[in-house]
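Only one structure is covered here, and it is reproduced in the block below.
Residue numbers (the numbering used here), protein chains in the order written: chain A, 1 to 436; chain B, 437 to 530.
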């Protein structure tokens with residue numbers, strides 16, 4: 001491939017064809033810059049994994065009206081939250097007619113298909129995508145990143161700026177010294193199955209029509225009492241079913257991710273929805289959970305870090321791709337300004353850090369900065385409280401000749417035997433503080 | 437629905453395995469003193485198995501997630517890298 005010979009210098013090299021990298025590449029290519037995207041998979045999307053919810057607004061900021069052409073699965077019209085215990089489930093949900101109308105709020109997608117389409121848009125604006133190529137290390141000149149060394153023979157590529165969009169494991173950001181090794185309490189390990197079901201079955205079972213879809217987030221027993229969550233998202237003719245837990249908790253409890261998923265799938269309320277389904281693929285992904293505390297340095301001379309590589313995930317609201325896309329957009333803005341100034345130093349690229357800092361990304365991560373740590377040290381939110389909730393509901397709904405007031409008292413004193421009122425008040429206040 | 441074993445699930449995925457492993461235990465002796473041997477259970481596809489007093493690496497089914505790399509941080513005994521370009525898992529859905 002002549003394009004990968006060492007002689008060519010690009011304005012920008014993007015490492016990784018995920019949502020962050022492709023967004024940056026698209027905007028930079030559109031602005032007329034000479035951009036290359038280096039992707040280690042066979043095609044953009046072939047190594048990319050997420051739960052499956054894509055938000056319209058942040059995506060449309062980069063790809064206007066993408067929903068009219070892109071391969072999407074379903075329009076998300078309803079979100080449900082389930083609190084699971086071994087034999088019970090407490091459910092809440094929300095559906096709004098506005099979610100069913102253009103321009104929509106969110107969609108379910110399958111990354112391998114969606115990212116492939118995005119990559120085509122990126123090619124259309126003149127960006128060179130180099131697949132099947134692993135970036136081995138940065139090429140440095142002093143403190144400055146001037147390119148990347150790929151696994152191909154004569155595979156050195158040079159550029160004014162390198163955008164590290166190489167995902168949660170970002171070896172690139174680490175080798176440049178922007179990121180420390182990840183700790184097991186800063187990431188969740190999540191696994192997912194894509195389970196095929198006929199279109200009509202999905203519509204009947206999830207109470208939707210046409211291309212409308214549902215997202216169910218599941219807590220407590222969904223992650224076997226560990227800090228984590230589970231989910232079911234409806235696709236056109238399949239379900240994305242997955243769960244994950246903090247890696248540190250999995251290590252301490254001696255559980256395997258596959259057992260965790262099978263445990264959730266076996267829950268009676270979940271099993272019912274999956275009945276008759278056939279697994280088509282089994283996927284795994286590490287999710288940054290460190291929030292603000294896990295965020296690395298975002299820029300240096302000649303390099304920017306975006307998306308999962310910058311640990312940009314809001315675990316409270318299971319948002320990641322929207323932070324990735326927006327960070328890619330900010331990176332493109334910073335690079336365009338740097339080009340205008342002819343200055344790719346850290347001082348110039350600091351504009352990217354400023355854009356992140358002034359945006360909702362930073363605000364949201366700041367809001368939940370203590371959440372992950374709080375819940376890791378309060379396992380009762382994944383065991384005791386879900387239990388009390390479901391047992392209270394069961395008690396109040398069981399008609400057995402016992403007066404309701406007596407039932408209420410029994411629930412109240414029963415709870416107090418398990419945890420004092422003061423402790424409960426402190427737990428609730430602490431939990432509220434960690435997410436408020 | 438019918439429950440599949442992990443082996444059956446991996447048959448569903450597309451893989452192009454390389455000849456040599458991209459995951460290398462730096463010093464196999466060191467693993468003998470590892471108490472938890474967490475790599476043998478945190479991996480979603482059971483890549484690392486404790487057999488005959490040492491860790492055997494079944495890298496062919498690796499999903500390239502990086503859980504083992506983070507889990508082994510305390511020992512630092514794992515040389516973790518991605519498979520060479522064009523090799524490894526190939527998702528169709530993602």
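Positions of the beta carbon are idealized from the N, C-alpha and C atoms, including for glycine.
In the structure shown, the three-state DSSP call for residue 138 of chain A is strand.
With respect to residue 56 of chain A, residue 103 of chain A sits close: the two C-beta atoms are nearer than 9 Å. When only Cα atoms are considered, residue 314 of chain A and residue 281 of chain A end up about 26 Å apart. Collapsing the DSSP output to three states places residue 11 of chain A in a strand. In the structure shown, residue 59 of chain A falls within a helical segment according to DSSP collapsed to helix, strand and coil. In the DSSP annotation of this structure, residue 474 of chain B is not part of any alpha helix (DSSP H), being labelled neither H nor E.
Contact annotation: residue 42 of chain A and residue 339 of chain A have beta-carbon atoms that are not nearer than 9 Å. Only residues of its own chain outside the window of five on either side were considered, and among them 365, 366 and 369 have a CB closer than 7 Å to the CB of residue 292 of chain A, listed in chain order. Listed along chain A, the residues sitting closer than 7 Å to residue 439 of chain B by beta-carbon distance are 262.
Cβ-Cβ distances below 7 Å link residue 494 of chain B to 483 and 485 in the same chain, with the five nearest sequence neighbours on each side left out; the list follows chain order. For residue 341 of chain A, the enclosing alpha helix (DSSP H) stretches over residues 321-341. Among the bridge pairs identified by DSSP, residue 144 of chain A is matched with A/141. Only those residues of the region 144-168 of chain A whose C-beta falls short of 8 Å from the nearest C-beta of chain B are listed: 150, 151, 152 and 168. Ranked by Cα distance from residue 237 of chain A, the first of A/222, A/199, A/246 and A/249 is A/199. With respect to chain B, the C-beta atom of residue 186 of chain A has a partner C-beta closer than 9 Å.
Out of A/308, A/108 and A/116, the CA that lies nearest to the CA of residue 215 of chain A is found in A/108. Contact with chain B is absent for residue 140 of chain A, since none of that chain's Cβ atoms lies less than 9 Å from the residue's Cβ. For residue 330 of chain A and residue 269 of chain A, the gap between their C-alpha atoms comes out near 42 Å.
Under a criterion of Cβ atoms nearer than 7 Å, the residues of chain A adjacent to residue 529 of chain B are, in order, 110, 112, 194, 280 and 281. Residue 396 of chain A sits exposed, since fewer than 16 C-beta atoms from the chains shown fall within 10 Å of its C-beta.
Beta-bridge partners of residue 243 of chain A (DSSP): A/191 and A/230. When DSSP states are grouped into helix, strand and coil, residue 70 of chain A belongs to the coil group.
At a cut-off of 9 Å, the C-beta of residue 479 of chain B has a neighbouring C-beta in chain A.
Contacts between residue 485 of chain B and chain A, judged by CB atoms closer than 9 Å, are missing: the closest CB pair is about 12 Å apart.
For the region 461-476 of chain B, the residues whose beta carbon sits under 7 Å from a beta carbon of chain A are, in order, 472 and 474. Counted as a single uninterrupted DSSP element, the alpha helix (DSSP H) harbouring residue 429 of chain A occupies residues 421-435. The continuous stretches of alpha helix (DSSP H) do not include residue 93 of chain A, which lies in the beta strand (DSSP E) extending over residues 89-95. Bounds of any beta strand (DSSP E) do not take in residue 481 of chain B, whose DSSP letter is neither H nor E. Bounds of the alpha helix (DSSP H) holding residue 120 of chain A are 111-124. According to DSSP, residue 169 of chain A shares a beta bridge with no other residue. Rounded to the nearest whole angstrom, the CA to CA distance from residue 276 of chain A to residue 111 of chain A is 24 Å.
Ranked by how close their Cα comes to the Cα of residue 81 of chain A, the residues A/220, A/306 and A/262 have A/220 in first place. The beta carbon of residue 84 of chain A sits no closer than 9 Å to any beta carbon of chain B. Closer than 9 Å to the CB of residue 293 of chain A there is not a single CB belonging to chain B.
Residue 194 of chain A is positioned such that its CB atom lies no closer than 9 Å to that of residue 304 of chain A. Closer than 9 Å to the CB of residue 511 of chain B there is not a single CB belonging to chain A.
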